[in-house]
Amino acid sequence: MSTPQSLDPEQRFTALFDDAYGDVLRFVRRRHAEEGSEDVVADAFLVAWRRLEDLPEDPGDVRAWLFGIARGALANSRRGDRRRDALGVRLADHGARAGQGNDDAATLRLDVGRSWTHLTETEQEVIALSVLDGLTSAQAARVLGITPVAYRLRLSRARRRLRRLVEDGPPPVPRTADDRTARPADTAWEATS
């Protein structure tokens, strides 16, 4: 992904858009409802156009810069809509690329998928930036607006929690509201009545 500084701003932006649109769209789709993703990406590229003079010179940092802008556009969209969509990931698509036919691998993908929903949004974000988006610690830290050391610490904790959830299984979900509120003393009282 290279946008030579010698090009005029419109040519630089066109090259940037052509090179990065697919990556930014995938980044947004993992974090936002499918139907609104293209709007968020459009908002992100509008901000990128306005901030074109801030475009990093290092081609390796351009994606991280765009992901940071897209992340801000996502936050704006969420605030505007007041939606709290869970951060999701298209594990089936990712798993299909990793290879099919191995029952153990398929079972592991299902376990990871179930466990993924029990991670916090922050834990999902730090893992996705590394594993799914392929960013370095420095680039992912830039997206989140934190130091690389803080990012690596968050990533380590998130991976440890995901590993524990996969190994031990996600916590059980109560079947009904009564299951959540029933206390042993309540059931003992009912049994003696």
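So the sequence shown is numbered by this note's numbering: it starts at 1 and just counts up by one.
Ideal placement from N, C-alpha and C gives every residue a C-beta, glycine not left out.
Going by other Cβ atoms of all chains shown within 10 Å of its Cβ, with 16 needed for buried, is residue 11 buried or exposed? If you draw a 10 Å sphere on the C-beta of residue 11, you find fewer than 16 other C-beta atoms in it, and that means exposed.
Which value, in whole angstroms, describes the spacing of the CA atoms of residue 123 and residue 36? Answer to the nearest angstrom: the Cα atoms are 23 angstroms apart.
Are residue 32 and residue 66 close, meaning C-beta to C-beta below 8 angstroms? Contact flag unset, no.
Quick test of the definition: if touching needs 3 or more C-beta pairs under 8 angstroms, does the region 142–149 touch the region 158–169? Judged by Cβ distances under 8 angstroms, the region 142–149 makes no contact with the region 158–169, as fewer than three pairs qualify.
Apart from the five residues just before and just after residue 190, which ones in its own chain have a Cβ nearer than 8 angstroms to its Cβ? Note on residue 190: pLDDT 43, under 50, position unreliable in the model; the coordinate value appears next. In the same chain as residue 190, and ignoring 5 residues on each side of it, no C-beta atom comes closer than 8 angstroms to its own.
Which residue from 51, 130, 70 puts its Cα closest to that of residue 20? Closest by alpha carbon: 70.
DSSP-derived helix/strand/coil call for residue 68: In this structure, DSSP gives residue 68 a helical state, which the three-state scheme calls helix.
How big is the Cα-Cα spacing for residue 141 and residue 41? So the two alpha carbons sit approximately 20 angstroms from each other.
8 angstroms contact criterion, which residue 30 and residue 162 should meet: CB distance rounded: Actually they do not touch by this definition, with Cβ atoms about 16 angstroms apart.
Excluding five sequence neighbours on each side, which residues of the same chain lie with their C-beta closer than 7 angstroms to the C-beta of residue 119? These residues qualify, in order along the chain: 158, 161, 162.
Contact set for residue 52: own chain, Cβ-Cβ below 7 angstroms, skip 5 residues either direction: These residues qualify, in order along the chain: 9, 12, 13.
Run of the alpha helix (DSSP H) containing residue 35, from where it starts to where it stops: Looking at the DSSP string, residue 35 is not in any alpha helix (DSSP H), and its letter there is neither H nor E.
According to the neighbour-count rule (16 or more other Cβ atoms, all chains shown, within 10 Å of its Cβ), is residue 121 buried or exposed? Burial is judged here by how many other beta carbons sit within 10 angstroms of a residue's own beta carbon; residue 121 has fewer than 16 and is exposed.
If you reduce the DSSP assignment to three classes, tell me which class residue 54 lands in. Helix.
Go through its chain and collect everything with a Cβ distance to residue 47's Cβ below 8 angstroms, but skip five positions before and after it. Cβ contact annotation for residue 47 (same chain, cutoff 8 angstroms, sequence separation greater than five): 69, 72, 73, in chain order.
For residue 18 and residue 24, the rounded distance between their alpha carbons: Cα-Cα distance, rounded: 11 angstroms.
With 16 other Cβ atoms within 10 Å as the buried cut-off, status of residue 7: It counts as exposed.
Delimiting residues of the alpha helix (DSSP H) encompassing residue 122: Residue 122 -> alpha helix (DSSP H) spans 121–127.
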